[in-house]
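Numbering (our numbering) for the sequence shown: 22 to 202. For each residue, glycine too, the CB sits at the ideal point set by N, CA and C.
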Amino acid sequence: MIVRSTFNLLLLLLPLVGYAQRDTLYYRQTPVPAHLRPVERAAGSSALGGVYFYGGKKLNSPFSLEVPFIELNDPQVNQHFRSFRTWTTISRLTGLVSLAYFITTGARNNRTGQYWTVYGGSVVLSLGTVIIANTQVNKAVGRYNTMLRQVPASVLRVGGVYTPTPLGTSVVGLGGTMTMR
Numbered sequence: 022m023i024v025r026s027t028f029n030l031l032l033l034l035l036p037l038v039g040y041a042q043r044d045t046l047y048y049r050q051t052p053v054p055a056h057l058r059p060v061e062r063a064a065g066s067s068a069l070g071g072v073y074f075y076g077g078k079k080l081n082s083p084f085s086l087e088v089p090f091i092e093l094n095d096p097q098v099n100q101h102f103r104s105f106r107t108w109t110t111i112s113r114l115t116g117l118v119s120l121a122y123f124i125t126t127g128a129r130n131n132r133t134g135q136y137w138t139v140y141g142g143s144v145v146l147s148l149g150t151v152i153i154a155n156t157q158v159n160k161a162v163g164r165y166n167t168m169l170r171q172v173p174a175s176v177l178r179v180g181g182v183y184t185p186t187p188l189g190t191s192v193v194g195l196g197g198t199m200t201m202r
């Protein structure tokens, strides 16, 4: 009789098993994938470049963050990351300005003052766009980590377990928790 009532109780609690996976349903249309980990920024990072860790492993570049960002599928995170890629591309292209100037004017024009002005301007513009790009990736990381921590205002989680023992008896465990903000 006890085994039957325990079995019936477990059947009633079975729909609640996956509730922890759906706890972000109130904020998103799709739940946050459970395998995603937070992104950590190293303490020595600066505005000119950041060092990021995902799942305890150091990433080679901020471009490595694209995979978890895409899996999260948050419009704000994706927008910030696209902006980061755009500004990084602009930064790389501004470095070509001085090269293009040197090639087009050639060595025949001995205007070293103009060349150094173009070169210095492209370096300053490149550094400015790198700072903007890294600001955008930092915003994406902040939003990503916020989305991973997000839980509804109040959550009721209930769980149960039914395990047979080697002695031929069974062990039943039930638990629950209520989180309020």
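Option nearest I124 by Cα separation, candidates I111, V139, T110
As a working note, residue 124 is residue 103 in the sequence shown. Checking every option, the nearest Cα to that of I124 belongs to V139.
In terms of alpha-carbon separation, which member of F102, E61, Q97 lies closest to A154?
The residue you call residue 154 lines up with position 133 of the sequence shown. The option with the nearest alpha carbon to A154 is F102.
How do the segment 98-117 and the segment 149-164 stand: do at least 3 beta-carbon pairs fall below 8 angstroms, yes or no?
yes
Taking the runs of the beta strand (DSSP E) that are 3 residues or longer, which of them lie wholly in the segment 68-146?
73-75
Go through its chain and collect everything with a Cβ distance to G196's Cβ below 6 angstroms, but skip five positions before and after it.
In the sequence shown, the residue the question calls residue 196 occupies position 175. Counting only Cβ-Cβ distances below 6 angstroms, and skipping sequence neighbours, we find G180.
Go ahead and label S82 buried or exposed: buried means 16 or more other beta carbons lie within 10 angstroms of its beta carbon, across all protein chains shown.
Position 61 of the sequence shown, counted from the first residue, corresponds to residue 82. Counting Cβ neighbours within 10 Å, S82 comes out exposed, since fewer than 16 surround it.
So, Y165 versus F84, is the Cβ gap smaller than 8 angstroms?
Counting from one through the sequence shown, the residue named residue 165 turns up at place 144. Counting from one through the sequence shown, the residue named residue 84 turns up at place 63. It is not a contact, given that the beta carbons lie outside the stated cut-off.
Kindly indicate which residue of S143, R106, S104 has the alpha-carbon position closest to the one of A121.
In the sequence shown, counting from the first residue as 1, residue 121 sits at position 100. Per the Cα distances, S143.
Closest to L86 by C-alpha separation, out of S119, L117, R58, W108, would be which residue?
One-based indexing of the sequence shown puts residue 86 at position 65. The residue with the shortest Cα to Cα distance from L86 is R58.
Pick from K79, E92, N99 that is closest to S66, judged by C-alpha positions:
Within the sequence shown, numbered from 1, the residue matching residue 66 stands at position 45. For the set K79, E92, N99, the Cα lying nearest the Cα of S66 is the one of K79.
Could you spell out the range, first to last residue, of the beta strand (DSSP E) harbouring V60?
Taking the first residue of the sequence shown as 1, we reach residue 60 at position 39. Residues 60-62.
How is L148 classed by DSSP in three states: helix, strand or coil?
Mapped onto the sequence shown, residue 148 falls at position 127. If DSSP states are grouped into helix, strand and coil, L148 belongs with the helices.
State the DSSP-derived secondary structure class of L195, mapped to helix, strand or coil.
Here residue 195 corresponds to residue number 174 of the sequence shown, with the count starting at 1. If DSSP states are grouped into helix, strand and coil, L195 belongs with the strands.
Residues near A63 by beta carbon distance below 6 angstroms, same chain, minus five either side:
For the purposes of this step, residue 63 is identified with residue 42 of the sequence shown, where counting begins at 1. Taken in chain order, the residues that qualify are V72.
Does S119 pass the burial test, meaning 16 or more other C-beta atoms within 10 Å, or should it be called exposed?
As a working mapping, residue 119 is identified with position 98 in the sequence shown. Buried, because 16 or more other Cβ atoms sit within 10 Å of the Cβ of S119.
Can you find the residues in the same chain that come closer than 7 angstroms, C-beta to C-beta, to V53, ignoring five residues on each side of it along the sequence?
Locating residue 53 in the sequence shown gives position 32, counting from the first residue. In chain order, T45, L93, M168, L169 place their CB closer than 7 angstroms to the CB of V53, counting only its own chain and leaving out the 5 sequence neighbours on each side.
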